[in-house]
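J.:
Number of protein chains: 2
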Amino acid sequence: MEPSNPKNNKILSLQQPFSNLDSLADTISEVLACPITIEDANHYVLAYSKHTENIDQARIGTIMNRKVPDKVINGLWKNGAMPKLIDNDQPVIIPEIKEIGLGNRIAISIWKNNEILGFIWAHTGNKEYAADDLEALKKAAQQVKKFILQKLPDRKNTEQAYKDFFWQLLTADFVNTSIIQSYEKQFNIQLQDGLAIVVFRFEDEITPQIEKHAYYLSETVMQVNTIFRLFDDQDFILLVRLWKDDDTSDKIHQFISQFQEKISIQLQLTSMYGAASQIYSSAKDMTRAYEEALQGLSLQKQFPNQLDACFLYEDLGIFQWIDMLNRHRQKRQHTNKYIYKLQQYDQRQQSNLLYTLEKFLENDSNVHRTAKALFIHPNTMNYRLKRIYEISHLDLKNPHQKIAVYLELLADKLGRP
Amino acid sequence: MEPSNPKNNKILSLQQPFSNLDSLADTISEVLACPITIEDANHYVLAYSKHTENIDQARIGTIMNRKVPDKVINGLWKNGAMPKLIDNDQPVIIPEIKEIGLGNRIAISIWKNNEILGFIWAHTGNKEYAADDLEALKKAAQQVKKFILQKLPDRKNTEQAYKDFFWQLLTADFVNTSIIQSYEKQFNIQLQDGLAIVVFRFEDEITPQIEKHAYYLSETVMQVNTIFRLFDDQDFILLVRLWKDDDTSDKIHQFISQFQEKISIQLQLTSMYGAASQIYSSAKDMTRAYEEALQGLSLQKQFPNQLDACFLYEDLGIFQWIDMLNRHRQKRQHTNKYIYKLQQYDQRQQSNLLYTLEKFLENDSNVHRTAKALFIHPNTMNYRLKRIYEISHLDLKNPHQKIAVYLELLADKLGRP
DNA sequence: GTAGCGTTTGTGTATTTACACAAACGCTAC
DNA sequence: GTAGCGTTTGTGTAAATACACAAACGCTAC
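So the protein sequences, as listed, match chains A and B. Be aware that the first sequence starts at 55, since it is given in the working numbering, and climbs by one per residue. Be aware that the second sequence starts at 55, since it is given in the working numbering, and climbs by one per residue.
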């Protein structure tokens, strides 16, 4: 390494601490001789170099918005640049994408453990670049990391305390209001109104790669504001906050749906579930919210057909109750006389009237729909319904008995609690 | 009183203790110079005099059956003889009832406190009777009472212990098996299989007359075998046992129905309820059974329309659960979004879509039936259903949401627990 | 074998339901 | 007044449902 080389001198200058990110951006820009943008994990602009030449449409849009436009982010995902970036901490060379007005780029992701802190983008344009340019970028990433961790207000070195507080919210019977308020100040967060717990459960073993993608997506899928998130065994737990809105529920639904879709496709996961609690206005309700989300997950696994794409606790309908109902039944060794009679008959005749009845009730007592679902003739369906009445004396026009039977059939599926 | 009068001598002989009821019957028969029958509270024959003359059809039937034929009992009720008999302890003169083959009678009931122990029937036929005959009957009743209380096996003087044991069964968390067995032996009862608790609740103030009639009916309405019964405030609580049968449930239903009908008509009661538990095979389940019967009563009062003539716990259908559901909802301050939206709209527009929806669900989602129940045009009903969907987005063909709404509407009616 | 039972499917008809459209009413706002 | 909204009722048609009956199949019992 020749000390006379001016570029090397500049690279050395990257080792010095910086008082603000903008001057760091300028220095990197000088080293690489091209415009630079530094973004956080959400693609919000933290700083950018003061270049005015060689700028493309994507850069203009990004700086004007103080955030990378969604169109550009999506383009980067589709062409494979983002997946590469969040899979490792090496510089990634990204060729021009004309459709979204993005010129040639070199980018690098900034990490702390398995969590992305942000990105540096070098707008290389048509300029040639050399191996030491990439080295310089890596050094720059180190600097940005230090800066973000030390200087940015919500990056104080108190993560463990934050984590502990979060667990306390999730599991403690009662959290003192003043404690909540003190944490709100300390971490500059708001824990009132529009609060919900979201839990994703992975069936695959959790790899660092899954963690990385999950952390990234939790910041980037923008329907909700993620206040805290962590991995707990197979679960990825989030405390989110929703902006005051007409259809906050829809927002959470979209969030879970998109998160699930993206991470499943990106990482080719075999199977995963996502569920959200109701929306609460106080942080004190997070224990309950956490339970609701877990209940949602467990129900989705037990009733995959009925609860497909049913992410929200409020959309569970009767499934909200059947666990409680099951416990109650087990405690009292309760048997429903209609179900019992049909079970007996099915066993004797090798028939499946009980299953037919269940499907009938599941299909809102509609003969046609049920027959289609069971691949049988509507008349067969009618015949079976007649038999069901003859055998069990269950009046299928009496909702009070009918519903009880359906609920008990569902509860039976849960087995011993 | 002249000691030379042979009749008086015989009356005096009634003061002597007797070794068996038959000889007592004979003695009474001699005093009154007519055939005598002594029955227990169930109209089973305890003893009869050995007369062969002056016997009518009713007497023959009674002695052959060892019980008064139902036809005769009903006739006595209809013509007003039985009501008089169980209203006081005086002799009652009953004129001939030809339709049931009953000749002239004088009868007297035998009491302990407010409970009937049995009856003495004097078959006077066409014979004249005098005032001292009635006196003799009263003396005889005293003797029969003594005899029943002292000599009949299940009339030991341990009623308080029996009562205590019964309350223990009803309310204790756990009753030892060996204790139960010892009581079974002591009281010569069987406490296995076909056991149920029945509770009648009177809205009128409990008078001695009501108590008398209730005790009497509990022995006489024959579908069930009453093992124990007592009054507790407004409640008449029975532990009954059912003979092994195909439709034990029907039997209890009939029992409650008939009991209610008879006592209401006889005593002109304004209002009363009756409810039974499930049928259990062990006396250990009586705590639960008692709770079930009480729950049935409370639900009948809260849902008089829906649960009219629904006496059995097993027939409650979904109402079995709504109390539990209500508690659960209250605890979590849960609100159903569909109900909430309709409530808001109803309030704003002065409409009653929520009520319409409830009736629709109560009528098994049948437009015609609901329209008729609400006295509106079917098209109006359809229009409202369309509006209900537009306002709440409740899909009326999705049973999982629909049922949840209905259950919550019912639970709402219970109010704070 | 064959008689009997429980079952499935096809055919046909009467009834009920779903849905669209039009007319009319009460109420509010301008 | 009148325009607009939400509502009720009537009319009409297409679709779905209920129900009866007949033919055919598999299985069991004799």
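No residue lacks a Cβ here, since even glycine has one placed at the ideal position from N, Cα and C.
(1) What does B:M378 touch in chain A if you count any residue whose Cβ is under 7 Å from its own?
(2) I'd like the list of long-range same chain contacts for B:K338, defined as Cβ closer than 7 Å, with 5 residues on each side in sequence excluded.
(3) Would A:L86 and A:D187 be called neighbours here (beta carbons separated by less than 9 Å)?
(4) Return the bridge partner residues of A:F313 from the DSSP annotation.
(5) Could you tell me whether the stretch 246–266 of chain B touches the stretch 286–296 of chain B, where touching means 3 or more Cβ pairs closer than 8 Å?
(6) Anyone know if the C-beta pair for A:I82 and A:A176 falls short of 9 Å?
(7) At the 9 Å Cβ level, is B:D418 part of the contact set with chain A, yes or no?
(8) Residues in the same chain with beta-carbon distance under 6 Å from A:N211, minus the five sequence neighbours each way, listed in chain order, please.
(9) Kindly indicate if chain A contains any beta-carbon less than 9 Å away from that of B:L468.
(10) CB-CB under 7 Å to B:E265, same chain, minus the five flanking residues each way: which ones, in chain order?
(11) In terms of residue numbering, what span does the alpha helix (DSSP H) encompassing B:A79 cover?
(12) Between A:D80 and the rest of its own chain, which residues show a CB-CB distance below 7 Å, the 5 nearest in sequence each way excluded?
(13) Output needed in chain order: residues of the stretch 93–109 of chain B with a Cβ under 9 Å from some Cβ in chain A.
(14) Do you know offhand how far A:A135's Cα is from A:V275's?
(15) Report all residues from its chain with a CB closer than 7 Å to the CB of A:K395; omit the five preceding and five following residues, and keep chain order.
(16) Tell me which residues share the same chain as B:N406 and place their Cβ nearer than 8 Å to its Cβ, disregarding the 5 neighbours each side in the sequence.
(17) Given a cut-off of 9 Å on the beta-carbon distance, is the pair A:D372 and A:L464 in contact?
(18) Between which two residues does the beta strand (DSSP E) harbouring B:W165 extend?
(19) Output the boundary residues of the alpha helix (DSSP H) element that contains B:A343.
(20) In terms of alpha-carbon separation, which member of B:K298, B:T261, B:P262 lies closest to B:N279?
(21) Decide if the stretch 372–387 of chain B is in contact with the stretch 409–426 of chain B; the criterion is three or more beta carbon pairs, one per stretch, under 8 Å apart.
(22) My output table needs one value for B:I140: the three-state DSSP class, helix, strand or coil.
(23) Around the C-beta of B:S73, are 16 or more other C-beta atoms found within 10 angstroms, so that it is buried, or is it exposed?
(24) Within 10 angstroms of its Cβ, does B:R295 collect 16 or more other Cβ (buried), or is it exposed?
(25) How far does the beta strand (DSSP E) with A:F72 in it reach, from first residue to last?
(26) Within the continuous beta strand (DSSP E) that includes B:I251, where are the two ends?
(27) Which partner residues does B:Y334 have in the DSSP bridge list?
(28) Can you pull the chain B residues whose beta carbon is under 7 Å from the beta carbon of A:Q308, in chain order?
(29) I'd like to know whether the C-beta of A:N452 is nearer than 9 Å to at least one C-beta of chain B.
(30) Using beta carbons (cut-off 9 Å, strictly below), is A:K210 in contact with chain B?
(31) Does the stretch 363–371 of chain A come close enough to the stretch 320–331 of chain A that 3 or more CB-CB pairs lie under 8 Å?
(32) Do you know how far the Cα of A:T324 is from the Cα of A:T231?
(33) Give me whichever residues DSSP pairs with A:E169 in a beta bridge.
(34) Nearest to B:K316 by alpha carbon, out of B:W131, B:E93, B:Y98?
(35) What three-state label does DSSP hand A:A329 in the structure shown?
(36) Note down, in chain order, all residues in the stretch 381–412 of chain A with a beta-carbon under 7 Å from any beta-carbon belonging to chain B.
T.: Reading from the atomic positions:
(1) The residue labelled residue 378 of chain B in the question sits at position 324 within the second sequence. The answer, in chain order, is M378, H382.
(2) Residue numbering aside, residue 338 of chain B sits at position 284 when the second sequence is read from its first letter. Around B:K338: V229.
(3) By 1-based counting over the first sequence, the position of residue 86 of chain A is 32. By 1-based counting over the first sequence, the position of residue 187 of chain A is 133. Contact: yes.
(4) The residue you call residue 313 of chain A lines up with position 259 of the first sequence. The partner list for A:F313 (beta bridge, DSSP) is empty, contrary to what the question assumes.
(5) yes
(6) To locate residue 82 of chain A, count along the first sequence from 1; it is residue 28. To locate residue 176 of chain A, count along the first sequence from 1; it is residue 122. In this structure, A:A176 lies closer than 9 Å to A:I82 by Cβ.
(7) One-based indexing of the second sequence puts residue 418 of chain B at position 364. Taking Cβ atoms only, chain A reaches closer than 9 Å to B:D418, which makes this a yes.
(8) In the first sequence, the residue the question calls residue 211 of chain A occupies position 157. Its pLDDT being 44, under 50, A:N211 is placed unreliably in this model, and the coordinates cannot settle the point.
(9) In the second sequence, counting from the first residue as 1, residue 468 of chain B sits at position 414. No, B:L468 does not count as interfacial toward chain A.
(10) As a first step, residue 265 of chain B must be located in the second sequence, where it is residue number 211. So the list reads N168, F285, once near-sequence residues are dropped.
(11) To locate residue 79 of chain B, count along the second sequence from 1; it is residue 25. Looking at the DSSP string, the run of the alpha helix (DSSP H) that includes B:A79 is 75–86.
(12) Taking the first residue of the first sequence as 1, we reach residue 80 of chain A at position 26. Closer than 7 Å at Cβ, skipping near neighbours: S103, K104.
(13) none
(14) Within the first sequence, the letter at position 81 stands for residue 135 of chain A. Within the first sequence, the letter at position 221 stands for residue 275 of chain A. Roughly 17 Å between the two C-alpha positions.
(15) Within the first sequence, the letter at position 341 stands for residue 395 of chain A. Excluding positions up to five away in sequence, the list reads I445, S446.
(16) The residue labelled residue 406 of chain B in the question sits at position 352 within the second sequence. D400.
(17) Translated into positions along the first sequence, residue 372 of chain A becomes position 318. Translated into positions along the first sequence, residue 464 of chain A becomes position 410. According to the sequence displayed, residue 372 of chain A carries Ile and not Asp. A contact, by the Cβ cut-off of 9 Å.
(18) Counting from 1 along the second sequence, the entry for residue 165 of chain B is found at position 111. It spans 159–166 - the beta strand (DSSP E) in which B:W165 sits, taken as one unbroken run.
(19) As a working mapping, residue 343 of chain B is identified with position 289 in the second sequence. 340–356 is the extent of the alpha helix (DSSP H) around B:A343.
(20) As a working note, residue 279 of chain B is residue 225 in the second sequence. Looking at the Cα atoms, B:K298 is the closest of the given residues.
(21) no
(22) Working through the second sequence from its first residue, we reach residue 140 of chain B at position 86. Of the three classes helix, strand and coil, the one that applies to B:I140 here is coil, per DSSP.
(23) Taking the second sequence and counting its residues from 1, the one referred to as residue 73 of chain B is at position 19. B:S73 comes out exposed.
(24) Mapped onto the second sequence, residue 295 of chain B falls at position 241. Flag for B:R295 reads buried.
(25) The residue given as residue 72 of chain A occupies position 18 in the first sequence. No beta strand (DSSP E) holds A:F72; DSSP gives it neither H nor E.
(26) For the purposes of this step, residue 251 of chain B is identified with residue 197 of the second sequence, where counting begins at 1. From DSSP, the beta strand (DSSP E) with B:I251 extends over 246–256.
(27) Position 280 of the second sequence holds residue 334 of chain B. Paired residue(s): B:L249.
(28) Stepping through the first sequence from its first residue, residue 308 of chain A is reached at position 254. Within chain B, no residue comes near A:Q308; the closest Cβ sits about 16 Å away, beyond 7 Å.
(29) By 1-based counting over the first sequence, the position of residue 452 of chain A is 398. Yes, its Cβ sits closer than 9 Å to a Cβ of chain B.
(30) The count along the first sequence starts at 1 and reaches residue 210 of chain A at position 156. Model confidence at A:K210 stands at a pLDDT of 45, short of 50, so the residue's coordinates are unreliable; what they give is reported in the following sentence. No, because no Cβ of chain B sits closer than 9 Å to the Cβ of A:K210.
(31) yes
(32) As a first step, residue 231 of chain A is located in the first sequence; it is residue number 177 there, counting from the start. As a first step, residue 324 of chain A is located in the first sequence; it is residue number 270 there, counting from the start. Distance between the alpha carbons of A:T231 and A:T324: 42 Å.
(33) Working through the first sequence from its first residue, we reach residue 169 of chain A at position 115. Paired residue(s): A:K166.
(34) By 1-based counting over the second sequence, the position of residue 316 of chain B is 262. Per the Cα distances, B:W131.
(35) Position 275 of the first sequence holds residue 329 of chain A. DSSP places A:A329 in strand when its eight states are reduced to three.
(36) H382, R386, K391
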